[in-house]
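For the sequence shown, the working numbering gives the first residue as 14, with consecutive numbering after it. Using N, Cα and C, we set each Cβ at its ideal position, and we do this for glycine too. From a predicted model like this one, the values you see are computed outputs, not experimental measurements. These notes concern the structure reproduced below.
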Amino acid sequence: MFVFRQAERQAGNNGGSMSQTLKERLTDFLVKNVVTREQLDTALEIQRKKGGSLGDILLEQEFVTERKLMAGLSEYLGLPPIDLAKIKVPAEIIDLIPRNLAVFYQIIPISRVGNVLTVAMADPLNVLATDDLKVVTGLQIQPVISNSKDIQQAIDNYYASTTEIQDIIKEVPISEVEIEREEEEINISELIEQTDKAPVIRIVNLILYQGIKNKASDIHIEPYERQLRLRYRIDGVLFESSPPPKHMHAAIVSRIKILSKLDIAERRMPQDGRFRIRMEEKDVDFRVSIMPTSFGEKVVLRILDKSSLSMDLEKIGLTGHSLQIFQKTIQAPYGMILITGPTGSGKTTTLYSALDSINKPGVNIITIEDPVEYQFAGMNQVAVRPEVGLTFANGLRSILRQDPDVVMVGEIRDKETAKIAIQAALTGHLVFSTLHTNDASGAVSRLQDMGIEPFLISSSLLMVVAQRLVRKICPFCKRQIEVPEAALARIGYTPDKDKPAVFYKGAGCKRCKDVGYKGRLGLFEVLEINKDIQNLIIEKTTAERIKTQAVKNGMHTLRDAGLEKAREGKTTIEEIIRVTARE
């Protein structure tokens, strides 16, 4: 947090007793207005051992929100805070400061009165920034404090990327990038020359930048007869964005192919690739899928941003009794652990989180994945390549000759892979994998349908975790609502007489694109395979009976987990019904 680092420097830049007095004054202020003494002592101890900004440590430890910390420091520094979400800045004010300067200094102009320009700054004590602004604008600068994330959001909103795209395409004559007709001969040299032109490069970079800044999981570039369609999948939902014109489609696709080292001349067959870019001091991988359609090639880019990948089991949604069982089971020396759920439900993230928590120098971890989504230090990761015979089954056989302690199989798709994985679990290896089933108990039936004997399943299986992703309520427009008792009864909610139910919903704002949700978290159904469940498996009983017994043993269903998250104000009743409709 910029402003806190500046406050620390201000408190510690004179040395000697004066510096100590200012530092004591700052910490005393924090204890009285922002955090508890115990929290501050913990943060100071972490700072003493690892260094870094005290403000960053307080935020990382979740002792305080950035908004509350900013408000406290604004009082300490005597500068007013401002909530950018509650104001609308006129275009003529935004135009006073160029975008590159706003991004570099993390600032946004707010208003102008006479010769004074009020500017929201993440670092209002930055003298160089205010001096540059005076030179550029010719005005006196009045700084106010705002949240750095809010400023970045405002920059993205006000310095609209759509205008940039329109400015860029003006530099490209239509004749230079006209889409090729199917029957025409493809001139590869001309196509390569087009993709090397700066405007095309800038448009592709801008599309990628928008996806990363909006925390999208996928980017869709879709050709239709007379137009292109550009969409970003954010929190599981697709949002349209202003696209480039149709005549630039061929050059944009070719540019992406060149980045991915694909064949730009091949336009009749699907192609898959990947590339990596460095943006804002972090590496971001893109997985590319190109599919020929009636009006040209559709491109889907999966964004793999490791910096946004949470490895904390609690932060992804595991809590309470379910977390305790999960943490205990992944420490087992051998056996099999399955994560189940539909595509896009976060299974891979959960697997990586589990592996990360047991990734130690004394543990040999080998994974086989299709494809390898994220690279991790200390793990040997293998990508499936069916075209050369490297399938899950064949790869798993080779992995078992590599003296592994822990094996992760990206997905069990057939009987052969299932049999090898179970044999590995029975011979001293801890095996992690995924299945596509609706709930945890359904994994047992799925393995039986593959032809695996019940006694092998009961002997090898340690735990099955079913999961879904729900959207979190946007914290900036969150408000309390009333839910009719009849509606709660229909979804199985049991009221607590001592603690009345309070539910929330997002009203919709600019930060969440008016949908009321921002970010996602997981719902988990953790089935521990104890003696009762083992006996039911051997009896070849139904998944429903296994689930009933597990609930008696204390298992929380996906619906139970969702209702708990709704009671905590993290998601809505509508989201719970959407993702657990079959419960």
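What separation, rounded to the nearest whole angstrom, lies between the Cα atoms of ARG281 and LEU243? 22 Å
Per-residue burial, PHE117 [other beta carbons within 10 Å of its own, 16 or more giving buried]: exposed
Check ILE232 in the structure and name its three-state DSSP category. strand
Among LYS341, GLN166, LEU571 and VAL132, which one has its Cα closest to the Cα of GLN153? VAL132
Per DSSP, cross-strand counterpart(s) of PRO156: VAL132
With DSSP collapsed to three states, give me the class of GLN344. coil
CB-CB length for ILE486 against ILE550, believed under 8 Å: Not really, about 39 Å apart at Cβ, beyond 8 Å.
Using C-beta distances below 7 Å, list every residue in its chain close to GLU587, excluding the 5 sequence neighbours before and after it, in chain order. none
Kindly indicate which three-state DSSP category PHE288 falls into: helix, strand or coil? strand
DSSP state of ASN407 mapped onto helix, strand, coil: helix
Can you say whether GLY357 is buried or exposed, counting buried as having 16 or more other CB atoms within 10 angstroms of its CB? exposed
Here's the rule: buried if 16 or more other CB atoms are within 10 angstroms of the residue's CB, otherwise exposed. What is SER307? exposed
ARG215 and SER230 closer than 8 Å at C-beta: no
Can you name, in chain order, every residue of its own chain whose Cβ lies under 7 Å from the Cβ of VAL217, other than the five neighbours on each side? ILE265, ARG268 and ILE269
Pick out whichever of GLU75, VAL157 and LEU219 has its Cα sitting closest to the Cα of LEU97. VAL157
Please report the distance separating the alpha-carbon of VAL457 from that of LYS553. 9 Å
Roughly how far, in whole angstroms, is the beta-carbon of ILE589 from the beta-carbon of GLY575, given that I think they are within contact range, below 8 Å? 4 Å
Use the C-beta contact count for PHE405: other C-beta atoms within 10 angstroms, 16 or more gives buried, fewer gives exposed. buried
Which same chain residues end up closer than 8 Å to ILE120 when comparing Cβ atoms and leaving out the 5 residues on each side of it in sequence? ILE110, LEU114, VAL132, ALA133, MET134, ALA135, ALA142, LEU146 and ILE164
Given 8 Å, three or more beta-carbon pairs between the stretch 316-328 and the stretch 347-354: no
Span of the beta strand (DSSP E) holding VAL301? 295-306
Bridge partners for ILE381 per DSSP, in chain order? VAL395 and VAL422
Could you check the C-alpha separation between ARG378 and LEU536 for me, to the nearest Å? Rather than Arg, the amino acid found at residue 378 in this sequence is Ile. Using only the alpha carbons, I get a separation of about 27 Å.
From the DSSP output, in three-state form, read off PHE339 for me. helix
Contact test: VAL77 Cβ vs the ligand NAD heavy atom, cutoff 7 Å: This structure lacks the ligand NAD, and indeed carries no ligand of any kind.
Pull up the distance between the alpha-carbon of GLN627 and that of PRO236, whole angstroms please. Only positions 14 to 596 of the chain appear in this structure, which leaves residue 627 out of reach.
Three-state secondary structure (DSSP) at ARG414? coil
For MET83, which beta-bridge partners are listed by DSSP? Answer is none; MET83 lacks a bridge partner.
Measuring alpha carbon to alpha carbon, tell me which of PHE339, LYS544, GLN155 and ARG484 ends up nearest TYR530. ARG484
Ignoring anything shorter than 3 residues, give me the beta strand (DSSP E) runs that lie fully in the stretch 498-578, in order along the chain. 516-519 and 530-541
Look at the Cβ atom of VAL47, then the Cβ atom of LEU92, and state whether they are nearer than 8 Å. no
TYR506 versus PHE516 - alpha carbon distance: 12 Å
Quick one: residues in its chain with C-beta nearer than 8 Å to the C-beta of MET613, no 5 flanking neighbours on either side, listed in chain order? With the chain running from 14 to 596 in the structure shown, residue 613 is simply not present.
For a test of the three-state rule: what should DSSP assign to MET261, helix, strand or coil? helix
Let's see if you can read the secondary structure: which residues bound the beta strand (DSSP E) around SER312? In the sequence as displayed, the identity of residue 312 is Val instead of Ser. 309-318 is the span of the beta strand (DSSP E), which, as asked, contains VAL312.
Give the straight-line distance between the Cα atoms of ARG591 and LEU571, rounded to the nearest whole angstrom. 12 Å
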